[in-house]
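Counting along the sequence shown from 1, when you hit position 166 you're at 193 in my numbering, and nothing is skipped either side.
Think of the CB as a built atom: it goes at the ideal place given N, C-alpha and C, for glycine as much as any other residue.
Note that the coordinates shown come from a computational prediction; the quantities given were computed from them, not determined experimentally.
Below is one structure, written out as structure tokens; comments come after it.
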Amino acid sequence: MNLAYSADNLAPELLWTGKFIDGTPKWVDRGTDNNPPAGENVLTPTKTRFLPENAKFKGYKLDSAGNPTFIVQIGKQILRETWTASDAPDTGASTRQPALTRTLTVTGEGPPLDIVISDQVAAELYDDQEYKFDGTFFIRTEGAGESIRTRDGKTHLMLSSGGGVTLSYRWKK
Numbered sequence: 028m029n030l031a032y033s034a035d036n037l038a039p040e041l042l043w044t045g046k047f048i049d050g051t052p053k054w055v056d057r058g059t060d061n062n063p064p065a066g067e068n069v070l071t072p073t074k075t076r077f078l079p080e081n082a083k084f085k086g087y088k089l090d091s092a093g094n095p096t097f098i099v100q101i102g103k104q105i106l107r108e109t110w111t112a113s114d115a116p117d118t119g120a121s122t123r124q125p126a127l128t129r130t131l132t133v134t135g136e137g138p139p140l141d142i143v144i145s146d147q148v149a150a151e152l153y154d155d156q157e158y159k160f161d162g163t164f165f166i167r168t169e170g171a172g173e174s175i176r177t178r179d180g181k182t183h184l185m186l187s188s189g190g191g192v193t194l195s196y197r198w199k200k
């Protein structure tokens, strides 16, 4: 499970399974255009900035296992976004499926944040805690309640200060 996070757009730009990247063209030549992921099931959840213009990237921290937490300031609020490799239940399979888990928490004073989960495809409720995206990937929610909405072909998450949500991204097996 792999992740490419954009500090420009303050969002995950690529998620995929399998191999990470073949850096040989960058190392052998004097650099090349963007190298695509070397794995499979490449997902582009967002191609645009997913937070307000006043949001500022404040850096990231790695836990002892090397999992990143990205930190963004929006006014007086701090959004922390932690990613870990995990597994997620799949009602259509006899085993749990490999997944990437995204934990979002907001602290500080301010209005609820409107976070774009996907601007590429709208979510469709799959079961009581899981959303299906074009039948290719699924997001299981914990703590989101009724805060996930589809609007204008995009999927949004409303997250209040002091609140948190865990999203587990898995691919169709």
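The C-beta of R197 has 16 or more other C-beta atoms within 10 Å across all chains shown, which makes the residue buried. The C-beta distance from S195 to R176 rounds to 19 Å, too long to fall under 8 Å, and the pair is not in contact. Beta-bridge pairing by DSSP links R176 to H183. Non-local beta-carbon contacts of D161 in its own chain, meaning distances under 6 Å to residues more than five positions away in sequence, involve V148 in chain order.
K74 and N36 have their C-alpha atoms some 8 Å from each other.
F84 carries a strand assignment under DSSP once its states are collapsed to helix, strand and coil. Shown here for A150: same chain residues with a beta carbon closer than 8 Å to its own, the five before and five after excluded, namely I144, Y158, K159, F160, I166, I175, T177 and T182 in chain order.
Excluding the 5 residues flanking it on each side, G137 has same chain C-beta neighbours closer than 8 Å at I101, G102, K103, Q104 and S188, in chain order. As the crow flies, the alpha-carbon of T128 is around 10 Å from that of M28.
Between the C-alpha atoms of L89 and E108 there is a straight-line separation of about 11 Å.
Under DSSP, I98 shares a beta bridge with G86 and R107.
Residue burial annotation: P63 is exposed, with fewer than 16 other C-beta atoms found within 10 angstroms of its C-beta. Annotation: L106 to F84 spans about 10 Å, alpha carbon to alpha carbon. In chain order, M185, L186 and S187 place their CB closer than 7 Å to the CB of P139, counting only its own chain and leaving out the 5 sequence neighbours on each side.
The residues I101 and G102, in chain order, have a CB closer than 8 Å to that of N81 in the same chain once the five nearest residues on each side in sequence are set aside. Under the three-state reduction of DSSP output, Q147 falls in the coil class, being neither helix nor strand.
DSSP lists Y32 as the beta-bridge partner residues of P39. If you ignore the 5 residues before and after G170, its C-beta comes within less than 8 Å of the C-beta of G190, G191, V192 and T193, all in its own chain and listed in chain order.
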